[in-house]
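Sequential numbering from 0 applies to the sequence shown in numbering that gives the first Met the number 0.
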Amino acid sequence: MMGTPVAEAIRRAVDAGAKIVGPIAAGTRLDDYVALCKEIAAAAGNAHVIIQPNAGAPRQVDGAALYLATSEQMAVTATRLLAAGARIVGGCCGTTPRTSRRSLQH
0 MMGTPVAEAI RRAVDAGAKI VGPIAAGTRL DDYVALCKEI AAAAGNAHVI IQPNAGAPRQ
60 VDGAALYLAT SEQMAVTATR LLAAGARIVG GCCGTTPRTS RRSLQH
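So this is what it looks like as C-alpha cells:
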C-alpha cells in the first residue's frame with residue numbers, strides 16, 4: 000500500500016522483533032489474501048503469520064461499503080489461509096460473529 004514490497008516490510012518487522020506479522024483489511028479479493036499470505040509466510044522466518052481479511056473487496060453502493068463474501072466463502076478462505084502458512088486467521092470489515100463461527104466449524 001505504501002510502496003514497500005511485502006517481503007521487505009515483513010523482514011523489517013521481524014528484524015525489529017515482531018513475533019507475529021501480517022495484514023489486516025487489505026480490501027482485496029479473498030483469493031488475493033491467499034496469495035498475500037503465501038508471500039508473507041515465505042518472508043516471515045520464525046514469526047507467526049496472522050491474516051485478518053475483509054469479507055471480500057468492498058463495493059460502493061449509495062455511499063456505503065458493502066462486503067459480499069458469504070460466511071461459507073469466508074470459511075473456505077480461512078482453510079486456504081491456514082494451508083498457505085497463516086497460524087492465526089481473523090476477520091475485519093464485513094465479517095460478523097456468524098462468519099467467525101462458520102470458519103471455526105469448517
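Quick reminder that beta carbons are idealized off the backbone N, C-alpha and C, glycines included.
All values derive from a computational prediction rather than experimental measurement.
- Annotated three-state conformation of Arg58 is strand, per DSSP.
- Residue environment analysis places Val60 among the exposed positions, since fewer than 16 neighbouring C-beta atoms fall within 10 angstroms of its C-beta.
- In the three-state scheme derived from DSSP, where H, G and I count as helix and E and B as strand, Leu67 is classed as coil.
- In terms of Cβ geometry, Gly89 and Tyr66 do not form a close pair [threshold 9 Å].
- For the set His47, Gly2, Tyr32 and Thr3, the Cα lying nearest the Cα of Ile19 is the one of His47.
- Excluding sequence positions up to five before and after Gly21, its CB lies within less than 6 Å of the CB of Ile39, Val48, Ile49 and Ile50, all in the same chain and listed in chain order.
- Sorting Lys37, Gly16, Ala24 and Ala25 by C-alpha distance to the C-alpha of Leu81 places Lys37 at the top.
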